[in-house]
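A short worksheet on the structure shown next.
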Amino acid sequence: METILDAHLAHKYWNNLSAAKLQALLEAANTGGAVLEVRSIEIGREALLFIGLIPDASVGAKGNALQRRPMIVSRSLGNFHTTWAALLGASEHTLGFLVLHHPLTLRGVMRRSDREDVWVAAQVKRDLDSLPPMSMGDHCCNLCNEPIAKERLRAIPGVRICTKCQTIKEEMKS
Ligand SMILES: [Zn+2]
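Structure follows, in structure tokens:
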């Protein structure tokens, strides 16, 4: 098995993302886990941050948006089900599907989007250090994890907070 991301994480490659999703769901069903639909991977010096959504997650929304990044801590990680095309270039939004084993612990504030999906980040320790720090896929907000709109990224290069969170922040200041 070949690994693109140098992390302690088993990769499974499929022909397309629907096959990857199906296999991730089967694995999660068999092991009592949940599936994180990965939209962004931030590569740091010591860890990879997989950011994405858990569709229809059964966790409650609480608190306000301005606490630290919602993180999910899994007892153990399953496979990362993906495709070569998604990892190398990504014409699609989704980079793959990461199986998180039960029980999951949630850290930080959970928010729901309009579709009742929960955006979270999951941290995976790196094994090697061959990849430079970078980010793959969508750029996600440092506060709520949701993707930052392309127009905003173009207008303010390097911005790390989405419009929604920025507005809440400014309202709190005034
Ligand atoms: Zn945000």
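Counting from 2, one number per residue, gives the positions in the sequence shown under the numbering used here.
Yeah, the Cβ is synthetic: ideal placement off N, Cα and C, and Gly gets one too.
- prompt: Can you tell which of Ile169, His82, Pro148 and Leu23 has its C-alpha closest to the C-alpha of Gly138?
  reply: In the sequence shown, residue 138 corresponds to position 137, counting from 1. Comparing alpha carbon positions, the residue from Ile169, His82, Pro148 and Leu23 closest to Gly138 is Pro148.
- prompt: Are three or more beta carbon pairs between the segment 72 to 87 and the segment 120 to 139 nearer than 8 Å?
  reply: The segment 72 to 87 is in contact with the segment 120 to 139.
- prompt: For ligand 1, is there a heavy atom less than 7 Å away from the beta-carbon of Leu54?
  reply: On the sequence shown, residue 54 is found 53 positions in, with the first residue counted as 1. Set against 7 Å, the gap from the CB of Leu54 to the closest heavy atom of ligand 1 is not smaller.
message: Checking the sheet assignment: what are the DSSP bridge partners for Thr106?
response: As a first step, residue 106 is located in the sequence shown; it is residue number 105 there, counting from the start. Thr106 pairs with Val74.
task: Below 7 Å CB to CB, which residues in the same chain sit around Glu38 once its five sequence neighbours on both sides are set aside?
output: Position 37 of the sequence shown, counted from the start, is the residue given in the question as residue 38. Cβ within range, chain order: Gly53, Leu54, Pro56, Thr95 and Phe98.
message: For Pro56, list the residues DSSP reports as bridge partners.
response: Looking up residue 56 in the sequence shown gives position 55. Pro56 pairs with nothing; no bridge assigned.
message: Could you tell me the alpha carbon to alpha carbon distance between Val60 and Lys126, rounded to whole angstroms?
response: Counting from 1 along the sequence shown, the entry for residue 60 is found at position 59. Counting from 1 along the sequence shown, the entry for residue 126 is found at position 125. Residue placement at Val60 is poorly supported in this model, since its pLDDT is 48, which falls under 50; the coordinates still yield a value, given next. For Val60 and Lys126, the distance between alpha carbons rounds to 25 Å.
query: What is the chain-ordered set of residues for which the beta carbon lies under 5 Å from any non-hydrogen atom of ligand 1?
result: Summarising the contact set, residues whose Cβ lies nearer than 5 Å to any heavy atom of ligand 1 are, in chain order, Cys142, Leu144, Cys145, Cys163 and Cys166.
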